[in-house]
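Peer 1: Provided herewith is a single structure, encoded as structure tokens, for subsequent inquiry.
Number of protein chains: 2
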Amino acid sequence: MALEHAILVSLLEQPGSGYELARRFDRSIGRFWTATHQQIYRVLRRMEADGWIAAQEVAQDGRPDKKVYSAAGPGRDALAAWLREPVEPETVRHELAVKIRAAAFDDPGALISEVERHRESHAALLARYLHGEQRDFPDLSALDTRQELQHVVLRGGIEYERMTLAWLDDVLATLRRLSAGG
Amino acid sequence: MALEHAILVSLLEQPGSGYELARRFDRSIGRFWTATHQQIYRVLRRMEADGWIAAQEVAQDGRPDKKVYSAAGPGRDALAAWLREPVEPETVRHELAVKIRAAAFDDPGALISEVERHRESHAALLARYLHGEQRDFPDLSALDTRQELQHVVLRGGIEYERMTLAWLDDVLATLRRLSAGG
DNA sequence: ATTGCCTATGCAACTCGTTGCATAGCAGGA
DNA sequence: TCCTGCTATGCAACGAGTTGCATAGGCAAT
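Protein sequence lines correspond, in order, to chains A and B.
Throughout the first sequence, residue numbering follows this note's numbering, covering 1 to 182 in sequence.
Throughout the second sequence, residue numbering follows this note's numbering, covering 1001 to 1182 in sequence.
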């Protein structure tokens, strides 16, 4: 389980409430680790009970109070220990690949609009990555350690999206060829 | 949920027992959809109850009897309906990316051997893909629809592994630079 | 005025996925 | 001979993840 660790990293980068974490997971972090607010609140309570993080009540005017969490010593230790553990292989759930093989038993042409939709969403994500890179890393020759590591992860995301776009074009060409009766 | 659908596709390509399906999921299909034998048996029972698949008891000598499943009419219908439904966005769980960002709060050098291990396993998988391509698709100019679709999925796997290898090299270079104190 | 959205946290119920264990006969090697 | 491993199926318990709903005040637009 790595949701705890993903939350720890996020809190080390910047303390925040459960709600704020949920929004971060929707945006940046969620690109390589998804989580709903329910999961986050549940795990935060457990982590606080275990002493990994500390909470501070913050009163706000005009909106509900919030609990701002930050990483504590035992949390840092747990993260360091986890870093040294061997990682489990990534489990992939590529639904579109299942659909493509399923199309052999139905009409390949029925998948085209679906694949086009995927292509658009990957193109949009790539554009967002590139925009975020410009905004957050304007000068690539002056990055500290944290930024270097954030940037190498971002580069992975960018390359993944580029590769996926090229592959989806390949898939579309194949589907069009097959449904045209080629 | 798409485990049902992945199983249906596999049974349409070739009928088989739960045990055989589990091994297929370990090998080919498992590269884009993982499942343990427990999940598979549980889902097979449900699918049989729903009439999606039909079972036939097969006695064997020297080994336990098995139940060979094959896709039934309602299963094909369900698959066709699913093909036409919009797909949920793929949820990614990229633990290594979390670790890389976590390394900013510990020693980046501690991650190097971990990343090297990943690199090796991706290189091995790429080699297996390429070997499987040679074996299963010796003549790329004479493929039927099913093989065309299987091959375009395989091409996706190959490109994914190539991209991942290049990225892991990038990660390694970055980690080495940072831990050398550059 | 009312509708709908945003911040902020949480309960309850459910499904999905994993882990450990059990059975049971057969084959092969130390 | 004992141990390991393969085929083949399954139970039980747990942990992870999702979905629907609830509360509750404030803001902005219709």
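For every residue, glycine included, the Cβ atom is placed at its ideal position computed from N, Cα and C.
1. Return helix, strand or coil for A:R63, following the three-state DSSP convention.
2. Please identify, using Cβ separations under 9 Å, the residues of the stretch 1063-1086 of chain B that lie next to chain A, in order along the chain.
3. Could you give the distance in angstroms between the alpha-carbon of A:D65 and the alpha-carbon of A:F25?
4. Less than 7 Å between C-beta atoms, sequence neighbours within five positions excluded: which residues of the same chain meet that for A:G217?
5. Please list the partners that A:M47 has in chain B, where partner means a Cβ-to-Cβ separation under 8 Å.
6. Give me the Cα-Cα distance between B:D1107 and A:A81, rounded to the nearest whole angstrom.
7. Using 8 Å for Cβ pairs, my map puts B:L1172 next to B:V1115. What's the rounded Cβ distance?
8. By DSSP, does A:Q147 sit in helix, in strand, or in coil?
9. With a threshold of 16 other CB atoms inside 10 Å of the CB of A:T174, please say whether the residue is buried or exposed.
10. Figure out for me which residue from B:S1017, B:L1083, B:A1142 has the closest Cα to the Cα of A:A101.
11. Kindly indicate if chain B contains any beta-carbon less than 9 Å away from that of A:Q150.
12. Compare the beta carbon distance of A:G156 and B:D1170 with 9 Å and say whether it is the shorter of the two.
13. Would you mind reading off the limits of the beta strand (DSSP E) that contains A:I53?
14. DSSP state of A:G109, grouped into three classes?
15. What number of angstroms, rounded off, separates the C-alpha of B:V1098 from the C-alpha of A:L178?
16. For the stretch 29-43 of chain A, which residues have a CB atom closer than 9 Å to at least one CB atom of chain B, in sequence order?
17. Can you list, in chain order, the residues of its chain whose CB lies under 7 Å from that of A:L125, leaving out five sequence neighbours each side?
18. At which residues does the alpha helix (DSSP H) containing B:V1098 begin and terminate?
19. Do A:L143 and B:A1103 count as a contact pair if the criterion is CB distance below 9 Å?
20. Should B:V1058 be labelled buried (16 or more other beta-carbon atoms within 10 Å of its own) or exposed?
21. Identify the contact partners of B:Y1160 in chain A, using a Cβ-Cβ distance below 7 Å as the criterion.
22. With a cut-off of 9 Å, does the C-beta of B:S1185 fall near any C-beta of chain A?
23. Report the three-state DSSP secondary structure of B:A1142 (helix, strand or coil).
24. My output table needs one value for A:V152: the three-state DSSP class, helix, strand or coil.
25. When burial is assigned at 16 or more other CB atoms within 10 Å of the CB, is A:G192 buried or exposed?
26. Of the residues B:Y1069, B:Q1056, B:G1062, which one's Cα is nearest the Cα of B:I1040?
27. Determine the chain A residues that contact B:P1089 at a beta-carbon separation under 8 Å, and present them in chain order.
28. Can you check whether the C-beta of A:A6 is within less than 9 Å of a C-beta belonging to chain B?
29. If we cut at 9 Å on Cβ distances, does A:A166 have a partner in chain B?
30. Can you tell me whether A:V68 is helix, strand or coil according to DSSP?
31. Would you give the residue range spanned by the alpha helix (DSSP H) that A:W82 belongs to?
32. Which residues does DSSP list as the beta-bridge partners of A:G16?
33. Please name the residues in the stretch 100-111 of chain A whose beta-carbon is closer than 9 Å to at least one beta-carbon of chain B, in chain order.
34. State yes or no: is the C-beta of B:E1159 within less than 9 Å of the C-beta of A:A123?
35. Listed in chain order, which residues of the stretch 1007-1018 of chain B have Cβ atoms closer than 8 Å to some Cβ of chain A?
36. Just the Cα atoms here: how many angstroms apart are A:R63 and A:P138?
Peer 2: So, to answer that:
1. coil
2. A1071, R1076, L1079, A1080, W1082, L1083, R1084, E1085, P1086
3. 21 Å
4. Limits of chain A in this structure are 1 at one end and 182 at the other, which puts residue 217 of chain A out of reach.
5. By Cβ distance, chain B contributes nothing, its closest Cβ being about 15 Å from A:M47, past 8 Å.
6. Straight-line spacing of the CA atoms in B:D1107 and A:A81 works out to 11 Å.
7. 6 Å
8. helix
9. buried
10. Note that residue 101 of chain A corresponds to Arg in the displayed sequence, not to Ala. Here the closest residue by C-alpha is B:L1083.
11. yes
12. yes
13. From DSSP, the beta strand (DSSP E) with A:I53 extends over 53-58.
14. helix
15. 40 Å
16. So the close ones are I29, G30, R31, F32, W33, T34.
17. E161
18. 1095-1102
19. no
20. exposed
21. M163
22. Nothing about residue 1185 of chain B can be reported from this structure: the residues present for chain B run from 1001 to 1182 only.
23. Note: B:A1142 maps to coil in three-state DSSP.
24. helix
25. Residue 192 of chain A cannot be examined here, being either before or after the span of chain A that is shown, 1 to 182.
26. Closest by alpha carbon: B:Y1069.
27. S121
28. yes
29. yes
30. strand
31. 73-84
32. Answer is A:Y69.
33. Cβ contacts with chain B come from I100, R101, A102, A103, A104, F105, D106, D107, P108, A110, L111.
34. no
35. Residues passing the 8 Å Cβ filter: L1008, V1009, L1012, E1013.
36. The straight-line gap from Cα to Cα measures roughly 35 Å.
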